[in-house]
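Heads up, this note's numbering is the position in the sequence shown plus 41, with the first residue counted as 1.
Where a beta carbon is used, it is the ideal one built from N, C-alpha and C, also for glycine.
Computed from a predicted structure; not experimentally measured.
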Amino acid sequence: MSKKIVAILVVALMAMLLAPSLACAANVTLTLSPAVSAPGETVEVFGMADADQWVSIKVIDGDQSIIVFDAIKSDAMGNYSASFKVPPGFSGSDLIVVAGYNKNVDTKILTVSGGSGGNNDTTAPAWPGGSALTASNVAQTGLTLTWTSATDNVGVTSYRIFKDGSVYTTVASGARNCNVTGLSAGASYTFKVEAGDAAGNWSSNGPSVAATTDTASPTGPGSNSPGGGPTPAAGSATGSASVTPADGGKFSLGSDVSLEIPAGALSGTTEVKVAITKVNSPPAIPGGFSLLGSVFEFTVDGASAYSFNKPVTLTFTFDPDALAQGETPAVYYYDETSAQWVNLGGAISGNTVTVTVDHFTKFAVLALAKEETLLSADQPPAGPFSDVPASHWASGVIYELSASGCISGYPDGTFKPGDRISRAEFATVLVKAFQLPAASGKVFDDTAGHWARDYIGAAHAAGIVSGYSESSFGPDNPITREQMAMMIAKAAGLPEAVADITFTDSGQVSGWARAAVSAVTYGSIMQGYPDGTFAPLREATRAEAVTVIAKALG
Numbered sequence: 042m043s044k045k046i047v048a049i050l051v052v053a054l055m056a057m058l059l060a061p062s063l064a065c066a067a068n069v070t071l072t073l074s075p076a077v078s079a080p081g082e083t084v085e086v087f088g089m090a091d092a093d094q095w096v097s098i099k100v101i102d103g104d105q106s107i108i109v110f111d112a113i114k115s116d117a118m119g120n121y122s123a124s125f126k127v128p129p130g131f132s133g134s135d136l137i138v139v140a141g142y143n144k145n146v147d148t149k150i151l152t153v154s155g156g157s158g159g160n161n162d163t164t165a166p167a168w169p170g171g172s173a174l175t176a177s178n179v180a181q182t183g184l185t186l187t188w189t190s191a192t193d194n195v196g197v198t199s200y201r202i203f204k205d206g207s208v209y210t211t212v213a214s215g216a217r218n219c220n221v222t223g224l225s226a227g228a229s230y231t232f233k234v235e236a237g238d239a240a241g242n243w244s245s246n247g248p249s250v251a252a253t254t255d256t257a258s259p260t261g262p263g264s265n266s267p268g269g270g271p272t273p274a275a276g277s278a279t280g281s282a283s284v285t286p287a288d289g290g291k292f293s294l295g296s297d298v299s300l301e302i303p304a305g306a307l308s309g310t311t312e313v314k315v316a317i318t319k320v321n322s323p324p325a326i327p328g329g330f331s332l333l334g335s336v337f338e339f340t341v342d343g344a345s346a347y348s349f350n351k352p353v354t355l356t357f358t359f360d361p362d363a364l365a366q367g368e369t370p371a372v373y374y375y376d377e378t379s380a381q382w383v384n385l386g387g388a389i390s391g392n393t394v395t396v397t398v399d400h401f402t403k404f405a406v407l408a409l410a411k412e413e414t415l416l417s418a419d420q421p422p423a424g425p426f427s428d429v430p431a432s433h434w435a436s437g438v439i440y441e442l443s444a445s446g447c448i449s450g451y452p453d454g455t456f457k458p459g460d461r462i463s464r465a466e467f468a469t470v471l472v473k474a475f476q477l478p479a480a481s482g483k484v485f486d487d488t489a490g491h492w493a494r495d496y497i498g499a500a501h502a503a504g505i506v507s508g509y510s511e512s513s514f515g516p517d518n519p520i521t522r523e524q525m526a527m528m529i530a531k532a533a534g535l536p537e538a539v540a541d542i543t544f545t546d547s548g549q550v551s552g553w554a555r556a557a558v559s560a561v562t563y564g565s566i567m568q569g570y571p572d573g574t575f576a577p578l579r580e581a582t583r584a585e586a587v588t589v590i591a592k593a594l595g
């Protein structure tokens with residue numbers, strides 16, 4: 042059987058493992074640059090996914106072993122990009138790269154030459170005379186970049202966008218524009234675009250453009266953005282308005298929330314009705330979060346799901362006095378598919394928080410309860426939890442760790458043993474349970490302002506935790522069982538088990554986690570399920586987490 046056929050069969054097998062239904066995989070695209078590489082060389086991985094979604098990236102060799110694992114969060118437009126290095130000692134001919142989440146995956150085969158220099162193309166793409174990069178649809182927090190095509194002796198495969206000298210995103214060669222979000226109002230930026238080819242050659246003289254975002258403007262009825270922005274639509278304070286796609290508009294629901302739609306964001310040419318309403322029976326707010334105000338639903342001609350041609354701006358008002366010390370408000374949208382609230386962040390100014398979005402659904406301003414409310418070693422045990430009777434399978438360890446101050450319940454007297462536990466929460470409990478010393482550990486980009494920053498830093502300094510990348514830890518992501526196994530094995534200093542794992546789904550355990558899963562199972566700290574599985578990617582519950590920690594403590 043040829044290596045090509047074997048590779049195709051392996052791709053099909055991994056696709057079945059990661060995505061039972063390939064028909065659901067249309068949301069994720071994957072591009073490799075270069076598509077042909079050599080041991081020791083770096084390969085860029087990028088594509089499109091759902092907005093603000095963690096995309097898992099696995100690199101698999103011919104033995105179906107995962108040799109690289111990473112996760113990167115897509116931006117508000119769904120773009121994601123990462124990179125990995127082909128292991129210097131790799132001797133095979135092909136690697137399989139899988140990117141995706143849940144049932145949405147895409148796969149590509151990376152051809153690996155026998156050594157460096159195996160790819161003879163050393164000519165970088167070029168920019169013809171008159172090439173240009175332009176900025177349009179400039180708003181307070183975003184704009185659209187558009188560029189002309191570059192050329193290459195073989196073919197351009199991707200474009201890399203730079204913002205003030207740093208890589209902002211990488212897009213496939215078919216793209217000629219990019220929506221940039223998350224900018225500050227009234228700020229000046231310099232953007233540049235470079236072109237790359239399949240051999241990994243990149244241009245260095247691509248076109249650039251400077252742009253200054255709009256300054257902040259009033260959001261009340263009758264206000265216009267500086268410089269002749271969109272005219273407020275009729276009924277601009279009532280929560281509904283008729284908007285012409287060619288003109289756009291700006292209106293609000295009282296002083297609670299305002300919406301600014303730029304010209305061309307809506308599809309078609311005929312006038313549509315855009316509405317903002319308060320949701321009377323909203324989806325449940327996750328434990329540990331507080332709702333600042335109401336949940337709002339945005340619709341276009343009555344449709345609650347709508348995708349725009351370009352970003353629109355939402356500005357929410359909240360009561361700063363409702364925030365406890367250390368809490369930070371953020372805008373969340375409700376993902377109907379996963380039934381979860383997804384963090385969009387937002388630019389805070391006084392009593393408002395502003396985001397740009399490219400689709401409509403339900404939105405709300407939430408604040409994560411401060412750490413002392415949920416996990417505090419300084420407050421006394423909460424006493425018997427109303428949802429943890431003596432008959433609960435984990436009641437003993439729950440009360441044991443609660444009494445020691447490692448973890449506590451919620452203000453309503455519950456413990457929520459079946460709720461998921463985040464990576465930050467688990468790291469915090471580990472630090473307290475193992476009495477790790479305070480240390481000035483690593484601060485990731487997404488932990489700098491997080492309540493668990495110091496705990497995560499202490500755990501990182503002790504070699505217990507690591508991030509998805511050098512800049513991302515994912516503190517609020519639910520921890521998976523294989524991640525929990527890795528952390529607890531390091532915290533407990535478990536010796537590496539000699540025997541391999543024998544669960545029926547052991548093939549789904551990531552390569553980086555196999556030794557840890559083996560160590561915690563043979564050390565009787567974690568175990569599988571009655572059906573013979575370990576479920577490495579299943580999100581751990583609070584009850585499971587305290588049980589594992591209690592066993593590790595002995």
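Quiz item: By how many angstroms is the C-alpha of glycine 450 removed from the C-alpha of alanine 79?
Solution: Answer to the nearest angstrom: the Cα atoms are 52 angstroms apart.
Exercise. State the beta-bridge partners of aspartate 606 as determined by DSSP.
Key: With the chain covering 42 to 595 only, the question about residue 606 has no answer from this structure.
Exercise. Tell me, please, whether the stretch 478-492 touches the stretch 533-553 by the rule of three or more beta-carbon pairs shorter than 8 angstroms.
Key: no
Quiz item: Ordered along the chain, which non-local residues of its own chain (more than five positions away) have a Cβ less than 8 angstroms from that of phenylalanine 359?
Solution: So the list reads Leu333, Gly334, Pro370, Asn392, Thr393, Val394, Val406, once near-sequence residues are dropped.
Quiz prompt | Residues near tyrosine 496 in its chain [Cβ-Cβ closer than 6 angstroms; skip 5 each side] | solution = Same-chain partners within the cutoff: Ala468, Thr469, Val472.
Quiz item: Smallest Cα separation from asparagine 242: which of Asp162, Asp486, Phe292, Val138?
Solution: Asp162
Practice problem: Please classify arginine 461: does DSSP put it in a helix, a strand, or coil? | Solution: strand
Practice problem: Go ahead and pull the three-state DSSP assignment for threonine 588. | Solution: helix
Self-check item: First and last residue of the uninterrupted beta strand (DSSP E) at isoleucine 520
Solution: Where isoleucine 520 is concerned, there is no enclosing beta strand (DSSP E), given that its DSSP letter is neither H nor E.
Exercise. Report buried or exposed for arginine 217, applying the criterion of at least 16 other Cβ atoms within 10 angstroms of its Cβ.
Key: Counting the other CB atoms within 10 Å of its CB gives arginine 217 a total below 16, which places it among the exposed residues.
Quiz item: Could you give the distance in angstroms between the alpha-carbon of tryptophan 188 and the alpha-carbon of serine 559?
Solution: 51 angstroms
Quiz item: For the candidate residues Ser124, Ala117, Ser172, whose alpha-carbon lies nearest to that of tyrosine 509?
Solution: Ser124
Quiz item: Whose C-alpha, out of Ala90, Ser249, Val139, is nearest the C-alpha of glycine 171?
Solution: Ser249
Quiz item: When DSSP builds the beta bridges, which residues end up paired with glycine 141?
Solution: Residue pairing by DSSP places glycine 141 opposite Ser97, Val146 in a beta bridge.
Quiz item: With a Cβ-Cβ cutoff of 8 angstroms, do leucine 151 and valine 197 count as a contact?
Solution: no
Quiz item: Which of the three DSSP states, helix, strand or coil, is assigned to valine 558?
Solution: helix
Quiz item: What's the gap between the Cα of glycine 387 and the Cα of alanine 117?
Solution: 11 angstroms
Quiz item: Could you give the distance in angstroms between the alpha-carbon of phenylalanine 544 and the alpha-carbon of phenylalanine 330?
Solution: 36 angstroms
Self-check item: Length of the line joining the Cα atoms of alanine 191 and alanine 167
Solution: 6 angstroms
Quiz item: Should tyrosine 374 be labelled buried (16 or more other beta-carbon atoms within 10 Å of its own) or exposed?
Solution: buried
Quiz item: Apart from the five residues on each side of it in sequence, which residues of its chain come closer than 6 angstroms, Cβ to Cβ, to aspartate 111?
Solution: Result list for aspartate 111: Ile98, Ala123, in chain order.
Practice problem: Taking aspartate 238 as part of the beta strand (DSSP E), name the residues at either end of that continuous run. | Solution: 229-238 is the span of the beta strand (DSSP E), which, as asked, contains aspartate 238.
Quiz prompt | Opening and closing residue of the beta strand (DSSP E) in which isoleucine 317 lies | solution = Following the DSSP letters along the chain, one finds isoleucine 317 inside the beta strand (DSSP E) bounded by residues 313-319.
Practice problem: Over the uninterrupted beta strand (DSSP E) stretch that includes tyrosine 209, give me the two end residues. | Solution: First-last of the beta strand (DSSP E) with tyrosine 209: 207-213.
Exercise. Find out if the Cβ-Cβ distance for the pair glycine 437, threonine 582 is shorter than 8 angstroms.
Key: Taking 8 angstroms as the Cβ cut-off, glycine 437 and threonine 582 do not qualify as a contacting pair.
Quiz item: Are the Cβ atoms of alanine 530 and valine 561 separated by less than 8 angstroms?
Solution: The beta carbons of alanine 530 and valine 561 sit closer together than 8 angstroms.
Quiz item: Which residues in the same chain as alanine 584 place their Cβ atom closer than 6 angstroms to its Cβ, once the five residues preceding and following it in sequence are excluded?
Solution: Here the set comprises Ala435, Pro458.
Practice problem: Using the DSSP secondary-structure output, state which residues sit across from arginine 201 in a beta bridge. | Solution: Thr211, Glu235
Self-check item: Host alpha helix (DSSP H) of aspartate 162 (start-end)
Solution: Premise fails: aspartate 162 is in no alpha helix (DSSP H) and is neither H nor E.
Self-check item: Three-state secondary structure (DSSP) of alanine 274
Solution: Residue placement at alanine 274 is flagged as unreliable, the pLDDT there being 42, under the threshold of 50; a coordinate-derived value is accordingly withheld.
Exercise. Would you kindly work out how many angstroms separate the C-alpha atoms of lysine 319 and lysine 149, rounded to a whole number?
Key: 44 angstroms
Quiz item: According to DSSP, is glutamate 377 helix, strand or coil?
Solution: coil
Self-check item: Alpha carbon of alanine 67 to alpha carbon of asparagine 145, nearest angstrom
Solution: A caution first: alanine 67 carries a pLDDT of 38, below 50, which makes its placement in the model unreliable, though a value can still be read off. Distance between the alpha carbons of alanine 67 and asparagine 145 is about 7 angstroms.
Quiz prompt | valine 77 versus isoleucine 101: straight-line alpha-carbon distance, rounded | solution = If I take the Cα positions, the gap works out to 15 angstroms.
Exercise. Please report the residue range of the alpha helix (DSSP H) in which glutamate 441 lies.
Key: 436-444 is the span of the alpha helix (DSSP H), which, as asked, contains glutamate 441.
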